[in-house]
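Trainee: Residue numbers (UniProt numbering): 1 to 897. Got a structure for you, written out below as structure tokens; questions coming shortly.
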């Protein structure tokens, strides 16, 4: 539509806002008292206290989905009147008699998804192409309107110039997850994006490996178990006696019902009233409340110390079956070290992360493994530090009492089968790789791995059924640029690419470990992402880098809103929301899977275009349009991919339901197609190997669980840390040991910055998506969580304004005083939009102001948005070279204003 009826729309939104807030209050009350189905879909009985929606008029209802990065991809039903979305509903297509355990189930979205009208009709929607005003600095916020023809022409010309001067490796597609799951408009993974297709056809681009969510568990847990992703399916929790959520809060991170995680745990508790839950976390989380779990409050980043204390206690009490362990592990005992095998070229092919062939292969640089290198020797005080890792030792580091450490250790033995499920918080610390392996280790040593009702410690497995479908990426040609960097290392590739090698920064795919990255990053595409600034570490340092225009020559942001990352761009292109275009998405959870045929609810607003349309225009300028489109429109591609998939997979899973609809047009008309498997049973990770280690293998070089990793031992001797990080606070450890790392509890910097500040996923938003929705911000206010004891000592009351600061910057925010965070720790929900000096955005998160040159990237300019990455450090993990954004030290003080 060309003109919005603002009066009618505002009135409609206001009525829904009041209802939305009531719903939020009711849900919050349910979580507080530990009742209700968090993230589930139990049928709601008739109740006078239930707020019933008012009748409304609409012309049509179409299916779409919430395509954000929570992992749920819940279906949404949009009701449209006169070209305006007037109501957003969710799955109400069945009686929902059985919940996700039966064929007659609903997949209900959470309140975030139900607020998408505030995304569609947000005041800060990008309306037309813009260009940074000549002479202004990146970050100043000064832009001028330009035509699409000018934008396409100038961007294509800049691309030609960069390619001619630096080669295709100078182009980078930034990590971005604002549009995920969709087939045609997806922004992640980067190799699946429309941008990748265009650049693959035009010479290539610099890709990255891993991601901001899982970089260290991806690189490290697989070295113990051969994979970082295999666990028992969540439906197997019904067979457990104990479920341990270790740094895992699915009630917040996976709020929608499409994945069912918290709901399955609640159903398991209903079926087995004796089932117990333990949450190991610095916070008493919403999941802990919903499940009435015991809380083991632990200092951030000390998980590997807790495990060492637990294992030493079990060993001293004679509670470990060492013969069983040695039969399945290398590196537990000195005797088992004989099973350590050399890592040779090609051995890494069995590894999930596909380590570069030059990474950690045995060569002449590493010495023989010294005696007492086993984990048993380490906890017994026979290792290099000479310290016995008693519960008392662990208690002093972790903040968990000796009694609780002993009780928890015995609980894993006595109440087996125990399902241990680690979230992705423990691995996002400076010691995160070791943490992820240590949590896996305790499941192995207590014999809870490979059994029904047990688990491997990896993130909960989502489904016993899957969706097989050819996505657009299946038609892409290969990327001619064969080397990659870590997801976190791109600023270094901007500032000093010659310092980046396999040996220093983990660059993959180069000729040798000492071959430097061939080209600097000079052109960046930022499509539906906020990692250019807001979600990356050290916001002020990153801003300062952008001021130097000799480093990056062109930054193009494609988005719906004026995000903080858009503020540092040279060109901003207005993208359609997924509700203004056709697409498809798929997902699975429990014994269910689905396809959402996402139909255009309204016409593109203002001058917005789809990314397919934008890149078709740019491809035309580059002379590759015919190859890019293959003569198809976006809708024609969708029908082509569907027909290809139904031909190939027509008798599998979801397509047994879709095939009955006959045609793409009929499926699209139906909108949501769901499939329930009556035959799928919970899978048990590593069952075959645990039962028969003599003839079965896991995907490690030795074929066993590798408590001692020869690959890490080799890397310890082969790799060097970059000069700026070579301060002794990083270490590559063959075993999952604890050591005093940077910005941890025992970092000497705590004498100046005494609090550990930890980001966490917040109900208000998914990362930074939905932050600019006013309803969500009012329902879940951005506050800093401070423990009562700390607050009383500092004279801070609930609702006071505080400033959290360190040498990288300061954040001004309201305080929430609560016993749900342990003393010495401050919780600051990640994803809030950076607002330097309160000048970029007003209280409604609408772009209103600019920054002076001296204010850009200045650490003395206070952030008023509550962005934790003002405080985080740009320092990669020792093995993953990924982000460690939960390791933050800061001080806090009460302020006025």
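We put the CB at the ideal spot given by N, CA and C, even for glycine.
(1) Taking the Cβ atom as the reference point for each residue, do residue 379 and residue 311 lie within a distance shorter than 9 Å?
(2) Which value, in whole angstroms, describes the spacing of the CA atoms of residue 219 and residue 744?
(3) Under the three-state reduction of DSSP, which class applies to residue 790: helix, strand or coil?
(4) Which residues does DSSP pair with residue 89 in a beta bridge?
(5) Touch check for the region 474-482 and the region 187-206: three-plus C-beta pairs under 8 Å?
(6) Taking its Cβ as the centre, do 16 or more other Cβ atoms sit within 10 Å of residue 793, making it buried, or is it exposed?
(7) Where are the alpha helix (DSSP H) runs, 4 residues long or more, that stay fully inside the region 530-572, in chain order?
(8) According to DSSP, residue 60 sits in a beta bridge with which residue or residues?
(9) With a threshold of 7 Å on Cβ separation, who are the neighbours of residue 144 within its own chain once the five nearest residues in sequence on each side are excluded?
(10) Measuring straight from C-alpha to C-alpha, what distance separates residue 802 and residue 832?
(11) Could you check the C-alpha separation between residue 629 and residue 595 for me, to the nearest Å?
(12) Does the distance from the C-beta atom of residue 608 to that of residue 117 stay below 9 Å?
(13) In three-state terms, what does DSSP make of residue 195?
(14) From the DSSP output, in three-state form, read off residue 393 for me.
(15) Under 8 Å, with one C-beta from each stretch per pair, do the region 703-719 and the region 728-740 reach the 3-pair mark?
(16) May I ask which residues mark the beginning and end of the beta strand (DSSP E) holding residue 766?
(17) In the DSSP assignment, the alpha helix (DSSP H) including residue 419 goes from what residue to what residue?
(18) Flag this pair as yes or no: are the beta carbons of residue 540 and residue 565 separated by less than 9 Å?
(19) Expressed to the nearest angstrom, what Euclidean distance is found between the alpha-carbon atoms of residue 112 and residue 179?
(20) By Cβ distance below 6 Å, which residues in the same chain neighbour residue 226 in space, the five residues on each side in sequence not counted?
(21) Kindly list the residues whose CB is nearer than 7 Å to the CB of residue 440, restricted to its own chain and excluding five residues on each side of it in sequence; keep chain order.
(22) With respect to the alpha helix (DSSP H) encompassing residue 440, which residues constitute its N-terminal and C-terminal limits?
(23) I need the straight-line Cα distance from residue 882 to residue 155, nearest angstrom please.
(24) Less than 9 Å between the C-beta atoms of residue 510 and residue 493, yes or no?
(25) Taking the alpha-carbon of residue 876 as reference, which of 277, 491, 174 has the nearest alpha-carbon?
(26) From what residue to what residue does the beta strand (DSSP E) around residue 295 run?
(27) Can you tell me which of 237, 214, 710 puts its alpha carbon nearest to the alpha carbon of residue 229?
(28) Could you check what DSSP says for residue 290 in three-state terms: helix, strand or coil?
(29) Thinking C-beta only, is residue 425 closer than 9 Å to residue 760?
(30) Helix, strand or coil: how does DSSP classify residue 250 here?
(31) Look at the alpha carbon of residue 497 and the alpha carbon of residue 568, and state the distance between them as a whole number of angstroms.
(32) Am I right that residue 459 and residue 433 are in contact with their C-beta atoms under 8 Å? What's the rounded C-beta distance?
(33) Within the continuous alpha helix (DSSP H) that includes residue 900, where are the two ends?
(34) Would you mind reading off the limits of the alpha helix (DSSP H) that contains residue 403?
(35) According to DSSP, residue 486 sits in a beta bridge with which residue or residues?
(36) Roughly how many angstroms lie between the CA atoms of residue 695 and residue 689, to the nearest whole one?
Mentor: So, from the listed chains and residues:
(1) Yes, Cβ-Cβ distance for residue 379 and residue 311 is below 9 Å.
(2) It is roughly 21 Å from the alpha-carbon of residue 219 to the alpha-carbon of residue 744.
(3) The DSSP-derived three-state label of residue 790 is helix.
(4) As a beta-bridge residue in DSSP terms, residue 89 pairs with 77.
(5) As far as the Cβ criterion goes, the region 474-482 touches the region 187-206, which means the pair count is three or higher.
(6) So residue 793 ends up on the exposed side.
(7) Complete alpha helix (DSSP H) runs here, min 4: 539-547.
(8) For residue 60, which the question treats as bridged, DSSP gives the partners 80.
(9) So the qualifying residues of the chain are 130, 131, 133.
(10) Between the C-alpha atoms of residue 802 and residue 832 there is a straight-line separation of about 16 Å.
(11) Whole-angstrom Cα-Cα distance: 24 Å.
(12) The Cβ atoms of residue 608 and residue 117 lie no closer than 9 Å to each other.
(13) Here residue 195 sits in helix by DSSP.
(14) Residue state, collapsed to three classes: helix.
(15) Proximity of the region 703-719 to the region 728-740 meets the contact definition, three or more beta-carbon pairs being nearer than 8 Å.
(16) From DSSP, residue 766 is part of no beta strand (DSSP E); its letter is neither H nor E.
(17) No alpha helix (DSSP H) holds residue 419; the beta strand (DSSP E) holding it covers 418-422.
(18) The answer is no: Cβ separation not under 9 Å.
(19) Cα to Cα, residue 112 sits roughly 15 Å from residue 179.
(20) Contacts found: 698, 699, 700.
(21) Within the same chain, Cβ atoms closer than 7 Å to the Cβ of residue 440 are found at 221, 224, 225, 456, 457, the five residues on either side in sequence being excluded.
(22) Annotation for residue 440: the continuous alpha helix (DSSP H) segment containing it runs 432-445.
(23) Using only the alpha carbons, I get a separation of about 30 Å.
(24) Going by C-beta atoms, residue 510 is not nearer than 9 Å to residue 493.
(25) The candidate whose alpha carbon is nearest that of residue 876 is 491.
(26) Unbroken beta strand (DSSP E) run through residue 295: 294-297.
(27) Nearest neighbour of residue 229 by Cα position, chosen from 237, 214, 710, turns out to be 214.
(28) If DSSP states are grouped into helix, strand and coil, residue 290 belongs with the helices.
(29) With respect to the 9 Å criterion, residue 760 and residue 425 are classified as neighbours on the basis of their beta carbons.
(30) Helix at residue 250.
(31) Pairing residue 497 with residue 568, the inter-Cα distance amounts to about 21 Å.
(32) That pair is no contact at about 15 Å.
(33) No statement about residue 900 is possible, as the shown extent of the chain runs from 1 to 897 and does not include it.
(34) Counting along the chain, the alpha helix (DSSP H) containing residue 403 begins and ends at 402-414.
(35) Within the DSSP bridge table, the entry for residue 486 names 209 as partners.
(36) Answer to the nearest angstrom: the Cα atoms are 8 Å apart.
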